[in-house]
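**Q** Please find one structure pasted underneath; my questions will follow.
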Amino acid sequence: MKKIALIFSILLSAGTLFSVPALRDARTVKEADGKELTIRLHGDEFFHYTTTEDGFLIAKGKNDFFEYAQMQPNGTITTQGWRANNADKRTLKEKRFLKKQPTDFSVIATTRRNTIAKSQSISSKSFPLSGSPRSLVILVEFKNKAFTVSSPQEKFTDLLNQEGYSANGGTGSARDYFRDNSCGKFVPLFDVVGPFKLDNDYAYYGGNVNNNDKNPRQMVVDACIKAAEAGVKFSDYDSDNDGVVDNIFIYYAGYNEAEGGPDDTIWPHRWIVSTSITFDGKRIKDYACTSELKGNSGGAMCGIGTFCHEFCHVLGLPDFYATNGAKHGTLGSWDIMDYGPYNNQGRTPPFFSAYERFALGWLKPTILKDPAYITIDTLNTSNTAYLIAKDGIHNLCGGRPIWDVTPMPAEFFLLENRQQNNWDRFIGGHGMLVFHIDYNKTNWNSNTVNNDPDNMGCDIIEADGMANKGTYAGDPFPGLFEKRFFFPKLKNGTDLNQPLTYIVEENGLVSFRYKGGGEGYSFFDKENDLKTFVTVAETPSPSQEIVLIGKRLETSYKISFKNNTHFQFCLKNSGQDWISTPLTVEPIDSTIQDTLLVRYFPMEASFNATHNDTILIKCNLYTTLEVPIVGQSRRPIKVTVPVATEASDITENSFVANWEASNDATGYYISVYSEEEGQTNALHEGFKIVLDKKELPFEWEATFDGIQTEKFGKDSPSLPFSNSSDTLITEHYLFPIEKIEFWLYNFSSGGSHFKVEGFDGETWQLLDDIEIKTIDREMLKKVDLPTGNTYSRFRFTFVKNKGMLYFDDFTVYFSKKINYVMRHKYVAETHLEVKNLFPGTAYKYYVQATDKTMVGDSVLYANITRTSNEITATTLSSDNPRTLMIRTKSDNSGYIVKIDETQLIAESLLYIYSVQGHLITTVQPTGTIVDIPQLPPNNFYIIRYSKRG
């Protein structure tokens, strides 16, 4: 028999992967040395991993302690030799290390799942969806693990079949659950047999290989062999007599890995085995399984949640959580095919949604088309729901598993009323749920319905706009935040013009006006999608409109602000002044058709925060309409351009730069330089300040944040362009520029474009439009500028096709040599002594004022003016012109030497020696100021200027 089992295990086949998601709640584990660590489990049977509470990947390493880990593209996880700690216990060095660690593994998860299941076809046969079909449930023990509960066959028979089952806090049995969700159409009977002891330890079946169980289907084969030997008739479980057993469910002893059990326990799932194995002439194929016990400690028997989830796969339903491990919000605890199996510790899974009932043929929704006043009764008692589709037309096909044709249109909305009772007692909220369905047969069949956050196939349109575990009460309409209107739009933005207004929940019923129907015509049936107002403090913003339409109004209506700060309104074309006090409007012949103008007029800036208020529109007998409004403002620029004045206290090596105080200035930036005609030099920007101080270089601007420290030019970091229209603008340059140069790295951005523009003093001119080719990797781009150009600033824009583009090492080449003594040095006063200068040299300086204001370590606001007038200050001549002068460059990148012009001799060189007299290098002067190449630091050097030899 062992030989037969081995042959069977070789014949196991792949198929679409279905399983229960990991129990996502954080849990604290105690390691061998007593240290506690809070962890989370992610994924499902076919790809799972462990992280710290804040999302960093970890795995068991040396001495069985959790260490930080990394995931390879094929899904393999390797530890990094650094023991994991909770966030509040980490060292500064550890935090720096974690900044480089990824926390999103969804792409790898998708690849891993596709590798496991190369075939994307599911079982061609569906389990009966009506009547009382019998389903086989086999209890199995392992060589090293017996059942904990006493009389397991009796206990599991009750769990699955007993009417009103309430042991361990249960809400009912699995049979009760399916009966209630199908309104009596489907009442399965679960035949529990066993337990049978298998010949292997549980690790033989559940041990992990590349983050998935290595041999779970062999457990099914071994269990069926044991059951057949005990006399179980598999022929009793082929309801349509097609030669294939409808389904087999396995309960195995102990815990399961999805709820935090040991790594080598089995993860609950549904899959298939080879069709070549038969018992009583019937092939076994579809199976599902879960564990005897819940959680990861103690002896509490499992609830029906995981069983019902896996059995729903048997019926043909896909998973609605993100099976690739992505972290975006899905249906959560609202749905049995997402996180609902864990409600009430697995004892009270939620009712089927209207879509799931529709898909299984247990509910036929009513299509909404004509204006009407609609009342929806509770889904679990009425089994009613409403469908909204484009033009009010739908073929009423629910998609897999029972329909032969695709839903048309494939995109539609379902409305259902959910109340917190019976199986929905633990769903977290109540009211009308709006499901958005975008059916895609491939995604349904491959069990990837909700993997793409931007293209989810079965999604709840949250009334509060928040798809989070802690905000379930705000998901329904009107819900926690009393959201009383909904305007259905397709994912491409098309408005269906089928508004739901005046949504009211009373006594467990939800009512609304569809397309303005019903008695007492509402006075708000058009969406007013207000954008964020933007302005400068003390200046009113442009206005936006709210359209008010109403009929059969017996009384006036009142418009007011909830907070009455920062905003104003008035009626359009009324000649009224802007006001912030309540406004009362009388209808004419019981009708109104007005337009309300709203503007933002803050007296103080919001800076990075926002000013928020709500417009209340109230009329007797109608629900108050609430329109949220948001404004953001910056401080007005009051700082003025400073005036530079003549230098004072001029010596051979210094002078004092002076300037007049500017209005509203908190400080100044001064730049000092000398220049030489007939020579050129360059100015380089490597963005090190972004890495060190988390701010852009002086005067640079960007529409995006972030840095890239893994791919860069000469030094880290580079700046990543990741979204279309991401823009980077350089500082202003005062001197004529011959060309610019920059480094790019193509990160899967083939087909994208990179626009280069220059500002000529009046407008931005296109200089180059670089097409990024797929074969490009690192690129050094140069843009030559026309002679006599007036470009003083440059702008770079990413036109995205896909991927990202990294930018670094921007260099401008001037048409004359500029020797900076200091550049953009911040000074709080209106004067500065400039030292370490060369004698007999003409220096120029200019100043810019700023109103930069800090809050703690953060910049609240900062404006920088244009440059002041330039002042020339010439240092006094040296008494000894034969003495060489040397000083450090302004950017500390090396040294420069000054040769008095009276001492310039043709064919002379600068000789640089060590103090021991060894010649290190020579430099050929091309002017009076000479750049010295980089020299080893922390040494003394001797410099001599003389003729060759």
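Residue numbering for the sequence shown follows this note's numbering, beginning at 15 and increasing consecutively.
Every residue gets a Cβ at the ideal spot worked out from N, C-alpha and C, and that includes glycine.
Nothing here was measured: the structure is a model prediction, and the numbers come from that model.
When burial is assigned at 16 or more other CB atoms within 10 Å of the CB, is residue 181 buried or exposed?
**A** Per the 10 Å Cβ criterion, exposed.
**Q** Is residue 220 helix, strand or coil when you go by DSSP?
**A** Of the three classes helix, strand and coil, the one that applies to residue 220 here is helix, per DSSP.
**Q** Can you tell me whether residue 65 is buried or exposed, with buried defined as 16 or more other CB within 10 angstroms of its CB?
**A** Its Cβ being crowded by 16 or more others within 10 Å, residue 65 is buried.
**Q** Can the beta-carbon of residue 825 be found less than 7 Å from the beta-carbon of residue 696?
**A** Yes.
**Q** Pick helix, strand or coil for residue 528, following the three-state DSSP scheme.
**A** Strand at residue 528.
**Q** Of all the options 719, 100, 927 and 867, which has the alpha carbon lying nearest to the alpha carbon of residue 45?
**A** Nearest option by C-alpha distance: 100.
**Q** Give me the Cβ distance between residue 465 and residue 338, rounded to the nearest whole Å; I'm assuming they're in contact under 8 Å.
**A** Confirmed, about 5 Å.
**Q** Strictly by DSSP, which residues pair up with residue 575?
**A** Looking at the DSSP assignment, residue 575 forms a beta bridge with 629.
**Q** For chain B, find out if any of its Cβ atoms is closer than 7 Å to the Cβ of residue 202; answer yes or no.
**A** Of the protein chains in the structure, only one exists, and it is not chain B.
**Q** With a CB to CB cut of under 7 Å and the five nearest residues on each side skipped, what residues in its chain are close to residue 493?
**A** If we look at residue 493 and ignore the five residues flanking it on each side, its Cβ neighbours are 443, 445, 477, 478 and 487.
**Q** Straight-line CA distance for residue 125 to residue 86?
**A** Residue confidence for residue 125 is low, a pLDDT of 48 falling below 50, so the modelled location carries little weight; the figure read from the coordinates is stated next. About 11 Å.
**Q** Starting from the Cα of residue 763, find the closest Cα among 747, 791, 752 and 522 and give me that residue.
**A** Checked all of 747, 791, 752 and 522; the closest Cα to residue 763 is 791.
**Q** Between which two residues does the beta strand (DSSP E) containing residue 717 stretch?
**A** Where residue 717 is concerned, there is no enclosing beta strand (DSSP E), given that its DSSP letter is neither H nor E.
**Q** Are the CB atoms of residue 584 and residue 562 nearer to each other than 7 Å?
**A** Contact flag unset, no.
**Q** If you reduce the DSSP assignment to three classes, tell me which class residue 156 lands in.
**A** Strand.
**Q** Do you know whose CA, among 410, 506 and 150, lies nearest residue 260's CA?
**A** Ranking the options by Cα distance to residue 260, first place goes to 150.
**Q** Between the C-alpha atoms of residue 160 and residue 236, what's the straight-line distance to the nearest angstrom?
**A** Their backbone Cα atoms lie some 16 Å apart in a straight line.
**Q** Rounded to a whole number of angstroms, what is the C-alpha to C-alpha distance between residue 399 and residue 393?
**A** Distance between the alpha carbons of residue 399 and residue 393: 7 Å.
**Q** Taking DSSP as the reference, what is the three-state secondary structure of residue 167?
**A** It is helical.
**Q** Kindly confirm or deny that the stretch 849-862 and the stretch 886-901 touch, where touching means at least three C-beta pairs closer than 8 Å.
**A** Touching, per the Cβ criterion.
**Q** Cα separation between residue 807 and residue 949?
**A** Rounded to whole angstroms, residue 807 to residue 949 spans 33 Å at the Cα level.
**Q** What three-state label does DSSP hand residue 514 in the structure shown?
**A** Strand.
**Q** So what does DSSP say about residue 498, is it helix, strand or coil?
**A** DSSP places residue 498 in coil when its eight states are reduced to three.
**Q** Measuring CA to CA, which of 665, 489 and 170 is closest to residue 184?
**A** For residue 184, the nearest C-alpha among the options comes from 170.
**Q** If you measure between the beta carbons of residue 301 and residue 258, is that distance less than 7 Å?
**A** Their beta carbons are not under 7 Å apart, which means residue 301 does not touch residue 258 by this criterion.
**Q** Please classify residue 208: does DSSP put it in a helix, a strand, or coil?
**A** Residue 208: strand per DSSP, three-state reduction.
**Q** Let's see if you can read the secondary structure: which residues bound the beta strand (DSSP E) around residue 688?
**A** 681-690 is the extent of the beta strand (DSSP E) around residue 688.
**Q** Provide the residue(s) that pair with residue 547 in DSSP beta bridges, ordered along the chain.
**A** Its beta-bridge partners are 645.
**Q** Name the DSSP beta bridge partners of residue 503, please?
**A** Paired residues: 509.
**Q** Measuring only the C-alpha atoms, how far is residue 153 from residue 299?
**A** In a straight line, the C-alpha of residue 153 is about 18 Å away from that of residue 299.
**Q** Is there contact between the stretch 859-875 and the stretch 675-687, where contact requires at least three CB pairs shorter than 8 Å?
**A** As far as the Cβ criterion goes, the stretch 859-875 touches the stretch 675-687, which means the pair count is three or higher.
**Q** Could you tell me if residue 320 is buried or exposed, where buried requires 16 or more neighbouring beta carbons within 10 angstroms of its beta carbon?
**A** Label assigned to residue 320: buried.
**Q** Could you give the DSSP three-state label for residue 359: helix, strand or coil?
**A** In this structure, residue 359 counts as helix in the three-state DSSP scheme.
**Q** Check each candidate in 592, 777 and 573 and name the one with the smallest Cα separation from residue 582.
**A** Ranking 592, 777 and 573 by Cα distance to residue 582 puts 592 first.
**Q** So, using beta-carbon positions, are residue 846 and residue 671 closer together than 7 Å?
**A** Contact: yes.
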